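Asker: Take this structure first; my questions come after.
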Amino acid sequence: MMGMTGPMERPGPPLWLLAELTYRCPLHCVFCYNPVDFARHGQDQELSTADWLRVLREGRELGAVQCGFSGGEPLLRDDLEELVAEARALGYYTNLLTSGVGLTAARAAALKAAGLDHVQLSFQDSTQEINDFLSHTRTFDLKQRVAQMIRDQGWPMVMNVVIHRLNIEHVDRIIAMAAELGAEYLELANTQYYSWAEVNRAHLLPTHDQLKRAEAVTDAWRERLAGQMKLFFVAPDYHEGQPKRCVNGWGSTFLNIAPDGTALPCHTAGMLPGLSFPNVREASLREIWFDSPGFNRFRGTGWMKDPCRSCEHRERDLGGCRCQAYMLSQDVEAADPVCSKSPHHQLVKNAVADAERRALTGEPPAQPIVFRDRASSLKLSAGR
Amino acid sequence: MTAAAAIGGAALADDPAWAAAVPRIGRSFRFQWESAQNCHVLLYPEGMVRLNQSAGEILKRCDGQQPWSAIVTDLEAAFSATGLAGDVAAFAAMARQQRWVEWA
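So the sequence lines, in the order shown, correspond to chains L and U.
First residue of the first sequence: 1, per my numbering; consecutive thereafter.
First residue of the second sequence: 1, per my numbering; consecutive thereafter.
Written out as structure tokens, the structure is:
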């Protein structure tokens, strides 16, 4: 099956275990990376506490060290404290990825007592909240309250903001807000166009000039805040012409467990046709990680075709993102179209050119913006 | 090890204040042994530093209880070596810059 390539090197352990506890979420972010058809997976399909506890143990036995609890909004699971306590007792570094919506001082104290190491507080955006960035009312109040809870518990202050066309002009204000809140780390993550962000791409893709300005603003702040805050600006691959490794290499580092127990090499791999991914209800993490066809499918470079197969950079980027390749070219084995060598690269250039053109003309995107909610999910998944 | 850190280390090693300082693991880090990787690691929000053996042996002793001078003596005894102060101080300077360790 692997053709001319030699036997594949046995992969190392999944260092990162991400437990997506639920798709339920009080927010409706237009760039959400949860699957567009999330509403087909109801709460009744979520893993039980006992299942999660077993997954945590099996992951730690494999050598996983980082454990993330995310969602959806993980605070909506009322067994979160129990799961955190078990993860911490097993020796994981425990990370809670949350919007902070629903966090109370009592819950923060309970999570601290359970051994939670770190809270990554994300800033969300909806139309209302973008207005809030300008008037800094509601968002600022909420984040300030949550930041105070994080400080009270002695957690490092780590913030994440997804950057896109609708907020990229506010980067200066966003960094200032993070500094006021005492952030030690701030990640400005340019939107990657999967899932809901792909649906809303025409609304979210910034222009080249917007990116350059945002980067310059970030650089200036980085100098000013040296020693106080570490600022990360995650470059957007549509504008770079260079693909990025998918989650540090497919099946190399990252193991994602979806709310229903499906094990995935990345958040969005479930969209790829022709692949099947095991469920933790039916197989152990060890079998899943080492032996399942889904996890082995794009490991290494043996699966590649040209231009990747003969490319000098194939070990560096490993062909880029499989989901992006599929979304743009309908071919799971194609080179990531953000690569300038990809035969489909024109699609990416067209999308960027469209963003540039609409910035000049002020013409709105043809499709209205779609918020991540149950109704939209059902509607979109019916059409796919 | 960069030249700058090494120079900083040489200066530190002769500094009595450094020798008396009591280091501990930085607030944002957790230090532990990982048998799956056969090394000590430093864990921090969503990240990990894999440590080589000597870094692991030094950080293992940064327990908030003993000063650098005692750590040097202990390492020299454990590894039947002498004159480790310069190397330990060089590592300490780098590790403090990275916030892996802190001391007053």
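All C-beta atoms in this analysis are idealised placements derived from N, C-alpha and C, irrespective of residue type, glycine included.
Keep in mind that this is a model prediction, so the values were computed, not measured.
List the residues of chain L that Arg-96/U touches, going by C-beta distances under 9 Å, in chain order.
Answerer: Near Arg-96/U there are no residues of chain L at all, since even the closest Cβ is about 13 Å away, more than 9 Å.
Asker: Measuring CA to CA, which of Leu-80/L, Tyr-92/L, Asp-44/L is closest to Phe-29/U?
Answerer: Phe-29/U has its Cα closest to that of Tyr-92/L, out of Leu-80/L, Tyr-92/L, Asp-44/L.
Asker: Return no unless some Cβ of chain L is closer than 7 Å to the Cβ of Arg-108/U.
Answerer: This structure leaves residue 108/U out entirely; chain U is present only between 1 and 104.
Asker: Name the chain U residues that come within less than 7 Å of Asp-117/L, Cβ to Cβ?
Answerer: Arg-30
Asker: Quick one: which chain A residues come within Cβ less than 8 Å of Val-41/U?
Answerer: In the structure shown, chain A cannot be found, because the protein chains are L and U.
Asker: When the cut-off is 7 Å and only beta carbons count, does Ala-104/U lie next to chain L?
Answerer: It does not; no Cβ of chain L falls within 7 Å.
Asker: Once DSSP output is grouped into helix, strand and coil, what is the label at Lys-143/L?
Answerer: helix
Asker: What's the gap between the Cα of Thr-49/L and the Cα of Ala-269/L?
Answerer: 24 Å
Asker: Which of the three DSSP states, helix, strand or coil, is assigned to Lys-230/L?
Answerer: The answer is strand: DSSP assigns Lys-230/L an E or B state.
Asker: Enumerated in chain order, which unbroken segments of the beta strand (DSSP E) with a length of 3 residues or greater are wholly contained in the stretch 142 to 171 of chain L?
Answerer: 157 to 163
Asker: Beta carbons nearer than 7 Å to chain U: which residues of the stretch 78 to 103 of chain L have them?
Answerer: Within the stretch 78 to 103 of chain L, the residues whose Cβ lies closer than 7 Å to some Cβ of chain U are Gly-91, Tyr-93, Asn-95, listed in chain order.
Asker: Nearest-angstrom Cα distance between Arg-40/L and Arg-222/L?
Answerer: Near 43 Å, if we compare the C-alpha coordinates of Arg-222/L and Arg-40/L.
Asker: Mind checking who Val-199/L pairs with in its DSSP beta bridge?
Answerer: None, per the DSSP bridge assignment.
Asker: With burial defined as no fewer than 16 other Cβ atoms inside 10 Å of the residue's Cβ, what is the status of Met-1/L: buried or exposed?
Answerer: For Met-1/L, the predicted structure reports a pLDDT of 34, less than 50, and the residue's modelled location is therefore unreliable. A value from the coordinates is still provided. When all chains shown are included, Met-1/L counts as exposed.
Asker: Measure the alpha-carbon distance for Met-304/L versus Asp-336/L and round it to whole angstroms.
Answerer: 11 Å
Asker: When you compare the CB of Pro-23/U with every CB in chain L, is at least one pair closer than 7 Å?
Answerer: no
Asker: Nearest-angstrom Cα distance between Ser-35/U and Ile-150/L?
Answerer: 31 Å
Asker: Looking only at its own chain, which residues have a Cβ that is under 6 Å from the Cβ of Pro-236/L, when we skip the five neighbours before and after it?
Answerer: So the list reads Asn-190, once near-sequence residues are dropped.
Asker: Run through DSSP, which three-state label would Asn-350/L get?
Answerer: Asn-350/L: helix per DSSP, three-state reduction.
Asker: Taking Cβ-Cβ distances shorter than 7 Å, what residues in chain U pair up with Pro-14/L?
Answerer: Neighbours of Pro-14/L on chain U: none; closest Cβ ~10 Å, over 7 Å.
Asker: Which class does Glu-187/L belong to by DSSP, given the choice of helix, strand or coil?
Answerer: strand
Asker: Would you say Val-158/L reaches chain U, if we count a Cβ-Cβ gap shorter than 7 Å as a contact?
Answerer: yes
Asker: Please list, in chain order, the chain U residues whose beta carbon lies closer than 8 Å to that of Gln-120/L.
Answerer: Pro-45, Glu-46
Asker: How many angstroms separate the CA atom of Asp-186/L from the CA atom of Ala-85/L?
Answerer: The question names Asp, but residue 186/L in the sequence shown is Leu. Going from the Cα of Leu-186/L to the Cα of Ala-85/L covers about 26 Å.
Asker: Below 8 Å on the Cβ atoms is my guess for Val-390/L versus Ile-369/L; work out the distance and round it to an integer in Å.
Answerer: Limits of chain L in this structure are 1 at one end and 384 at the other, which puts residue 390/L out of reach.
Asker: Listing by chain order, which chain L residues have their CB less than 7 Å from the CB of Gln-66/U?
Answerer: Going along chain L, no residue has its Cβ under 7 Å from Gln-66/U, so there is no contact; the nearest lies around 24 Å.
Asker: Using the three-state DSSP reduction, which class does Leu-134/L fall into: helix, strand or coil?
Answerer: Confidence at Leu-134/L is low in this model, with a pLDDT of 49, below 50, so its placement is unreliable and the value that follows should be read with caution. Helix.
Asker: Taking just the CA atoms, how far does Glu-184/L sit from Gln-228/L?
Answerer: For Gln-228/L and Glu-184/L, the distance between alpha carbons rounds to 6 Å.
Asker: So which of Glu-20/L, Met-159/L, Trp-289/L, His-239/L has the shortest CA-CA distance to Gly-59/L?
Answerer: In this structure, Trp-289/L is the residue among Glu-20/L, Met-159/L, Trp-289/L, His-239/L with its C-alpha nearest to the C-alpha of Gly-59/L.
Asker: Whose C-beta lies closer than 6 Å to the C-beta of Trp-52/L among residues of the same chain, with five residues either side of it excluded?
Answerer: Leu-83
Asker: I want to verify the contact list: residues of chain U whose CB lies under 8 Å from the CB of Tyr-185/L, in sequence order.
Answerer: Pro-45
Asker: Of all the beta strand (DSSP E) runs that stay within the bounds of the stretch 11 to 60 of chain L, which reach a length of 3 or more residues?
Answerer: 16 to 20
Asker: For Glu-34/U, return the contacting residues in chain L, with the cut-off set at a CB-CB distance below 8 Å.
Answerer: Gly-63, Val-65
Asker: Does DSSP put Ser-122/L in a helix, in a strand, or in coil?
Answerer: Collapsing the DSSP output to three states places Ser-122/L in a strand.
Asker: Okay, do the stretch 356 to 372 of chain L and the stretch 35 to 49 of chain U touch, 3+ Cβ pairs below 8 Å being the bar?
Answerer: They do not touch, by the three-pair rule.
Asker: Beta strand (DSSP E) containing Glu-82/L: first to last residue?
Answerer: For Glu-82/L, there is no enclosing beta strand (DSSP E); the enclosing alpha helix (DSSP H) covers residues 80 to 90.
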